[in-house]
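Engineer: Could you have a look at this structure, given as structure tokens, before my questions?
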Amino acid sequence: MIEFDRVTVHYPEAPGPALRDVELTVGEGELCLVVGRTGSGKSTLLGAINGLVPHFTGGHLHGEVRVGGVSTASRPPREFAHLVGRVGQDPLAGFVTDTVEDELAYTMEQLGVPPEVMRKRVEETLDLLGIAELRRRPLRTLSGGQQQRVAIGAVLTAHPAVLVLDEPTSALDPTAAEDVLAAITRLVHDLGVTVVAAEHRMERIVQYADRLVHLPGDGSVLAGAPPEILDVSSVAPPVVELGRLAGWRPLPLSVRDARRRAAGLRDQLRERPRPARGRAAVGEGDRPRLVARRVVVRYGRVPAVREVSVELAPGAVVALMGRNGSGKSSLLWALQGSGPRQGGTVSVDGTDPAKVSAAEARALVGLVPQTPGDLLYLETVAEECEQADRESEVPEGTCRRLLDRLTPGIRPERHPRDLSEGQRLSLVLAVQLTAAPAVVLLDEPTRGLDYHAKASFGDLVRELASEGRAVLLATHDVEFVAGVSDRVVVLAEGEIVADGPTADVVVASPAFAPQVAKVLSPQPWLTVSEVRDALAGAEARV
Amino acid sequence: MTLGFPDRRRLPRTLHPGAWWLWALGLATAASRTTNPLLLVLIIAVAGLVVARRRGDAPWALAFRLYLLLGAFIVFSRVLFRVIFGGGQGDHILFTLPEIPLPAWAAGIRLFGPVAVEQLLGGFYDGLRLATMVVCIGAANALANPKRLLKAVPGALYQVGSAVVVALSVAPQLVESVLRVRRARRLRGGRQRGMRALRGIVIPVLADAMDRSLALAAAMDSRGYGRVGALSRRARLVTGVLVLGGLVGVCVGVYGLMDGSTPRQLGLPMLVAGAAVAAAGLLWGGRQVRRSVHRPDRWRLGEVLVICCGVGAGGLLYLTSQVDAANLYPSLNPLAWPELALLPSLAVLVGVLPAWLAPPPELSSPSPGDPDEHRPAGSGAPALAWRRTPGGDVRQPVPPSATHERTTP
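Top line first, the protein sequences correspond to chains A and B.
According to full-length UniProt numbering, the first sequence is numbered sequentially starting from 1.
According to full-length UniProt numbering, the second sequence is numbered sequentially starting from 1.
Rendered as structure tokens:
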């Protein structure tokens with residue numbers, strides 16, 4: 001269906017080619033997962049399928065890409081609309097119209113599909129993706145998962161043979177991601193659509209993939225059956241890491257595979273001491289850094305946060321979980337003092353951050369928002385760092401040192417907008433940490449980060465906590481939560497429905513349990529590194 | 001129902017936006033033919049009643065109130081101007097304001113001074129006429145979906161229509177972006193006002209807008225926007241030449257018509273010829289474009305009736321002005337009470353008929369106390385949401401959940 005014939009892509013001003021001599025064939029009805037670290041050329045590979053690379057993005061493409069036998073060099077991307085449906089990273093940015101039904105019909109209108117056929121296909125697609133009740137809703141009022149499904153539906157109505165998805169589930173909570181994935185697998189199995197998807201959260205999708213395309217980062221491409229590729233892949237989901245650790249061959253891709261083989265490992269681990277969780281114990285005697293009582297946030301008449309009380313102890317990392325729209329962001333903004341708060345009290349070491357100036361509030365509570373780029377407005381990384389030093393009245397170079405600790409090697413003359421997601425996040429976090437706040441709030445920090453970036457970011461979060469700060473992070477990423485947090489607070493409809501040590505909250509939950517916990521339950525192991533440490537400790541004693 | 005047109009027999013649907021616009025223009029024409037305040041108020045009442053009964057619950061439908069306020073403002077400012085600057089003489093002096101003497105070069109302009117009833121009434125009548133026309137346009141805006149109107153543009157102008165639609169959706173996004181960035185500014189402890197803060201707000205907003213528009217352009221490109229498909233180069237060339245040539249002809253024609261010194265041939269004949277060529281180009285281009293419209297608005301009986309009512313109101317009032325002009329322009333000198341004659345009132349009342357004749361609008365959510373009580377909730381697919389009872393013609397609303405179950409296997 002899709003053929004890459006010795007494809008090399010050069011961008012101007014890039015040191016090396018984004019793709020080098022790529023030979024790749026994707027057959028009809030395959031679900032092909034593209035993995036690799038940030039900046040390894042995933043988006044370039046996806047864009048080349050319908051000719052956006054190089055027609056739209058610029059750059060040079062040598063070799064040939066053919067879809068359904070048609071070369072992308074022969075015509076512009078719009079002439080591929082009936083063959084290739086593409087959904088970008090941010091579905092909202094790609095919407096052309098403003099209501100669900102119009103959006104679903106848009107591609108068909110461009111293709112000149114007769115109105116009767118259009119009506120029928122719109123109805124079918126609404127049912128196929130389970131969004132029939134949303135048909136008249138304005139697109140902006142939909143939740144992330146709904147938007148993603150509408151975006152997929154909007155390209156599906158043209159009945160394309162190939163569906164290209166760039167990070168389809170990254171921004172979604174676990175349940176919404178399952179909905180989207182169910183829709184995708186149904187397309188592959190029932191309709192024979194060829195799907196090419198790039199996804200950082202491999203653990204969600206790798207078990208459904210027929211083929212894995214791994215981009216090691218030097219422009220080359222490795223393609224093959226998932227177990228083989230994962231053996232050498234630079235990125236792998238936790239269940240695969242566990243398989244590598246336990247020496248299972250072939251590597252398990254799903255929790256089910258792993259669980260069937262994990263009996264021996266569970267026996268082995270049964271005797272081991274439980275992982276030293278409960279770092280929350282550090283804070284037992286201390287006074288909490290942040291105390292919030294009965295916080296209420298309301299937008300018009302709609303309550304977003306209903307009388308939520310939280311305490312953040314120094315040295316503890318607390319994860320705030322819950323589906324999209326459950327009030328996580330509103331709560332974070334209210335705690336920082338910059339967002340609206342209609343009721344309740346917030347006190348950071350005795351001061352209410354909403355009652356002091358922005359600069360003082362910033363030294364009390366630092367917040368990294370969901371779109372970190374909003375905080376950046378200068379031309380180079382170096383200028384941003386200097387500005388941050390001035391803003392916080394700290395010695396010159398403080399921000400830069402923080403940045404180098406977070407993500408070493410970002411060249412100072414680069415434009416903040418040209419950084420990768422992970423680098424930009426680090427820069428904003430460095431800027432916010434320059435003020436040395438006692439409490440750090442992070443809103444969806446792992447969005448767009450690959451496993452390595454996430455792991456180092458996790459270390460960093462732990463380090464922040466070990467310096468005596470209190471960290472609260474709102475996230476959907478269960479694996480990340482399992483790795484870093486001491487306590488989990490689950491919000492639903494603006495109310496706290498669960499609050500307790502991470503292991504207690506997540507192991508029991510079907511949606512929030514990390515893969516390792518699912519494999520090894522009922523034993524409370526949450527991450528691969530815990531298992532590794534336990535096994536290593538055992539060997540050392542022997 | 002009062003007039004014997006039971007709404008329950010007609011399915012709710014959205015009327016062609018063009019029909020509402022023609023109806024409103026008809027009413028506005030009627031308003032432009034009279035200064036009789038009684039008639040003008042009657043026209044406003046007619047427009048208001050039709051809007052109240054036939055508007056949907058979309059955001060633009062709620063804008064009618066703003067047009068009413070705008071109308072009130074127009075009347076008020078007209079009267080105020082008359083008080084300040086005078087204009088129109090009259091014998092019935094109400095009160096005298098101290099006049100401010102102006103230098104000689106401003107002769108003919110007067111500030112304050114005596115205020116006469118005739119003067120105020122003249123301003124009031126004039127203002128009310130303009131306000132009524134504005135309210136009529138507001139009624140069209142409240143009743144017709146502006147985006148659907150753009151969809152009805154000829155195929156050859158489709159690209160322009162899309163550009164307008166995108167521009168319309170970008171504006172709220174920009175506002176949202178500004179709010180978000182301003183909020184984020186506080187996180188960095190930056191100022192939120194003043195010139196220095198401007199950079200911190202403008203740059204992220206523009207960068208954001210740039211990113212969004214690139215993403216949108218990529219999405220539109222990959223979804224087939226601007227596809228030419230099988231359209232030959234020659235056909236595109238012919239369309240372009242016809243439309244452009246025609247428009248040039250129209251421009252020359254208008255110029256010829258306006259400027260008395262140009263030869264007569266350059267006037268009306270050129271205008272007509274240019275318009276014809278441009279229309280031919282648009283039609284030709286429209287036929288070449290292989291594009292279709294989802295749920296196209298069709299011209300059906302409802303649309304025709306609505307247009308007839310609007311145009312009828314305007315036309316009848318125009319006719320009565322030939323018969324009895326005095327009633328349409330109440331006399332200010334001598335001062336006389338305006339009277340409501342039968343003929344013009346009937347003419348205006350023709351315009352109210354769409355309140356019953358037009359099909360009821362589709363609503364996205366049922367609202368209590370609605371004039372049409374038998375409206376299916378969330379009537380996404382009206383034809384499915386109504387079930388014919390075995391007994392005969394009476395239809396009963398089916399709850400949306402039931403409909404949903406039946407449509408999804």
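Don't be surprised by glycine CBs; every beta carbon is placed ideally from N, CA and C.
Quick check: Ile-131 (chain A) and Gln-110 (chain A), are their CB atoms within less than 8 Å of each other?
Structural biologist: Here residue 131 (chain A) refers to the residue found at position 131 when the first sequence is read from its first residue. Here residue 110 (chain A) refers to the residue found at position 110 when the first sequence is read from its first residue. Not closer than 8 Å, so no.
Engineer: Give me, in chain order, the residues of the same chain whose beta-carbon lies closer than 7 Å to that of Arg-33 (chain B); leave out the 5 immediate sequence neighbours on both sides.
Structural biologist: The residue labelled residue 33 (chain B) in the question sits at position 33 within the second sequence. The answer, listed in chain order, is Leu-317, Tyr-318, Ser-321 and Leu-328.
Engineer: Looking at the strands, I want to know which residues DSSP matches up with Ala-336 (chain B).
Structural biologist: As a position in the second sequence, residue 336 (chain B) is number 336, starting the count at 1. Looking at the DSSP assignment, Ala-336 (chain B) forms no beta bridge with any residue, so it has no partner.
Engineer: Touching or not, the segment 131-138 of chain B and the segment 101-113 of chain B, by the rule of three or more beta carbon pairs under 8 Å?
Structural biologist: These segments do not touch.
Engineer: With which residues is Phe-95 (chain B) paired in a DSSP beta bridge?
Structural biologist: Locating residue 95 (chain B) in the second sequence gives position 95, counting from the first residue. DSSP, once it has assigned bridges, lists B:Val-115 as partnering Phe-95 (chain B).
Engineer: In terms of alpha-carbon separation, which member of B:Ala-325, B:Val-117, B:Arg-233 and B:Gly-281 lies closest to Gly-249 (chain B)?
Structural biologist: Here residue 249 (chain B) is taken as the residue at index 249 of the second sequence, counted from 1. If we check each option's Cα against that of Gly-249 (chain B), B:Gly-281 comes out closest.
Engineer: Report buried or exposed for His-200 (chain A), applying the criterion of at least 16 other Cβ atoms within 10 angstroms of its Cβ.
Structural biologist: Along the first sequence, read from residue 1 onward, the residue named residue 200 (chain A) stands at position 200. His-200 (chain A) should be labelled buried.
Engineer: Where does Leu-214 (chain B) land, buried or exposed, given buried means 16+ other C-beta within 10 angstroms?
Structural biologist: Position 214 of the second sequence, counting from 1, holds the residue named residue 214 (chain B). Leu-214 (chain B) is exposed by the Cβ-count criterion.
Engineer: Mind pulling the chain B residues with CB within less than 7 Å of Gly-88 (chain A)?
Structural biologist: The sequence position of residue 88 (chain A) within the first sequence is 88, counting from 1. Near Gly-88 (chain A) (Cβ distances below 7 Å), the residues of chain B are Ala-215, Ala-218 and Ala-219.
Engineer: At 4 residues or longer, what runs of the alpha helix (DSSP H) sit wholly inside the segment 404-460 of chain A?
Structural biologist: Here the runs fully enclosed are 421-433.
Engineer: Is the CB of His-16 (chain B) under 8 Å away from at least one CB in chain A?
Structural biologist: The count along the second sequence starts at 1 and reaches residue 16 (chain B) at position 16. It does not; no Cβ of chain A falls within 8 Å.
Engineer: Please list the terminal residues of the continuous alpha helix (DSSP H) segment that includes Val-75 (chain B).
Structural biologist: Locating residue 75 (chain B) in the second sequence gives position 75, where the first residue counts as 1. Segment 64-85, the alpha helix (DSSP H) holding Val-75 (chain B).
Engineer: Keeping to the same chain, check which residues put their C-beta closer than 6 Å to that of Ala-209 (chain A); ignore five residues upstream and five downstream.
Structural biologist: Within the first sequence, numbered from 1, the residue matching residue 209 (chain A) stands at position 209. Closer than 6 Å at the Cβ level, and outside the excluded window around Ala-209 (chain A), lie Leu-31, Leu-33 and Pro-226.
Engineer: Which runs of the alpha helix (DSSP H) at least 4 residues long sit entirely within the segment 9-54 of chain A? Give them in chain order.
Structural biologist: Counting whole runs of 4 or more residues, the segment 9-54 of chain A contains the alpha helix (DSSP H) stretches 42-49.
Engineer: What does residue 556 (chain A) touch in chain B if you count any residue whose Cβ is under 8 Å from its own?
Structural biologist: One cannot answer for residue 556 (chain A) here, as it falls past the ends of chain A, which runs 1 to 542.
Engineer: When you compare the CB positions of Val-100 (chain A) and Val-150 (chain A), do they come within less than 8 Å of one another, or not?
Structural biologist: Taking the first residue of the first sequence as position 1, residue 100 (chain A) is located at position 100. Taking the first residue of the first sequence as position 1, residue 150 (chain A) is located at position 150. Yes, these two residues count as a Cβ contact at 8 Å.
Engineer: Taking just the CA atoms, how far does Thr-475 (chain A) sit from Arg-469 (chain A)?
Structural biologist: Mapped onto the first sequence, residue 469 (chain A) falls at position 469. Mapped onto the first sequence, residue 475 (chain A) falls at position 475. Straight-line Cα distance between these residues: approximately 19 Å.
Engineer: Counting beta carbon pairs with one atom in the segment 214-222 of chain A and one in the segment 36-44 of chain A, are three or more of them shorter than 8 Å?
Structural biologist: Judged by Cβ distances under 8 Å, the segment 36-44 of chain A makes contact with the segment 214-222 of chain A, as three or more pairs qualify.
Engineer: Specify whether the segment 445-455 of chain A and the segment 298-315 of chain A touch according to this definition: at least 3 beta carbon pairs, one from each stretch, less than 8 Å apart.
Structural biologist: The answer is no - the segment 298-315 of chain A does not touch the segment 445-455 of chain A, with fewer than three Cβ pairs under 8 Å.
Engineer: For the beta strand (DSSP E) holding Tyr-299 (chain A), just list the boundary residues, first then last.
Structural biologist: Within the first sequence, the letter at position 299 stands for residue 299 (chain A). Its beta strand (DSSP E) spans residues 290-299.
Engineer: List in chain order: all unbroken alpha helix (DSSP H) runs of 4+ residues lying wholly within the segment 233-294 of chain B.
Structural biologist: 233-258 and 268-288, all fully within the segment 233-294 of chain B.
Engineer: Please compile the residues from chain A whose C-beta is within a distance smaller than 7 Å of the C-beta of Tyr-255 (chain B).
Structural biologist: Translated into positions along the second sequence, residue 255 (chain B) becomes position 255. Going along chain A, no residue has its Cβ under 7 Å from Tyr-255 (chain B), so there is no contact; the nearest lies around 38 Å.
Engineer: With respect to the beta strand (DSSP E) encompassing Pro-303 (chain A), which residues constitute its N-terminal and C-terminal limits?
Structural biologist: Taking the first sequence and counting its residues from 1, the one referred to as residue 303 (chain A) is at position 303. 302-312 is the extent of the beta strand (DSSP E) around Pro-303 (chain A).
Engineer: Take Ile-44 (chain B) and list the residues in its own chain whose beta-carbon comes closer than 7 Å to its own, dropping the five residues that flank it on each side.
Structural biologist: Stepping through the second sequence from its first residue, residue 44 (chain B) is reached at position 44. Only Thr-132 and Val-135 meet the Cβ criterion.
Engineer: Which partner residues of Arg-13 (chain B) appear in the DSSP bridge assignment?
Structural biologist: One-based indexing of the second sequence puts residue 13 (chain B) at position 13. Answer is none; Arg-13 (chain B) lacks a bridge partner.
Engineer: Given Pro-17 (chain A), which residues of its chain have a CB within under 7 Å of its CB, disregarding the five upstream and five downstream residues?
Structural biologist: If you number the first sequence from 1, residue 17 (chain A) lands on position 17. For Pro-17 (chain A), where only same-chain residues beyond five positions count, the Cβ hits under 7 Å are Thr-8, Val-9, His-10 and Gly-219.
Engineer: Quick one: grab the DSSP three-state call for Leu-156 (chain A).
Structural biologist: Taking the first sequence and counting its residues from 1, one reaches residue 156 (chain A) at position 156. Residue state, collapsed to three classes: helix.
Engineer: Are the C-beta atoms of Leu-282 (chain B) and some chain A residue less than 8 Å apart?
Structural biologist: Reading the second sequence from its first residue, position 282 is the one you call residue 282 (chain B). It does not: the Cβ of Leu-282 (chain B) has no partner Cβ on chain A nearer than 8 Å.
Engineer: Should Asp-179 (chain A) be flagged as near chain B, meaning a C-beta pair shorter than 8 Å?
Structural biologist: Walking along the first sequence from the start, residue 179 (chain A) turns up at place 179. Asp-179 (chain A) does not count as touching chain B.
Engineer: Can you tell me whether DSSP reads Phe-480 (chain A) as helix, strand or coil?
Structural biologist: Position 480 of the first sequence holds residue 480 (chain A). Three-state result, Phe-480 (chain A): helix.
Engineer: How do the segment 57-72 of chain B and the segment 20-37 of chain B stand: do at least 3 beta-carbon pairs fall below 8 Å, yes or no?
Structural biologist: As far as the Cβ criterion goes, the segment 57-72 of chain B does not touch the segment 20-37 of chain B, which means the pair count is below three.
Engineer: Measuring straight from C-alpha to C-alpha, what distance separates Leu-150 (chain B) and Ala-142 (chain B)?
Structural biologist: To locate residue 150 (chain B), count along the second sequence from 1; it is residue 150. To locate residue 142 (chain B), count along the second sequence from 1; it is residue 142. Taking the straight line from one Cα to the other gives about 15 Å.
Engineer: Excluding the 5 residues preceding and the 5 following Ser-521 (chain A) in the sequence, name in chain order all residues of the same chain whose CB lies nearer than 8 Å to its CB.
Structural biologist: To locate residue 521 (chain A), count along the first sequence from 1; it is residue 521. Around Ser-521 (chain A): Val-507 and Ala-513.
Engineer: Using three-state DSSP, classify Val-471 (chain A) as helix, strand or coil.
Structural biologist: Your numbering for residue 471 (chain A) matches position 471 in the first sequence. Of the three classes helix, strand and coil, the one that applies to Val-471 (chain A) here is strand, per DSSP.
Engineer: By alpha-carbon positions, which one of B:Ala-279, B:Ala-278 and B:Cys-251 ends up nearest to Gly-267 (chain B)?
Structural biologist: If you number the second sequence from 1, residue 267 (chain B) lands on position 267. Closest option to Gly-267 (chain B), Cα to Cα, is B:Cys-251.
Engineer: Taking all protein chains shown into account, decide if Asn-145 (chain B) is buried (16 or more other Cβ within 10 angstroms of its Cβ) or exposed.
Structural biologist: On the second sequence, residue 145 (chain B) is found 145 positions in, with the first residue counted as 1. By the 10 Å Cβ count, Asn-145 (chain B) comes out buried.
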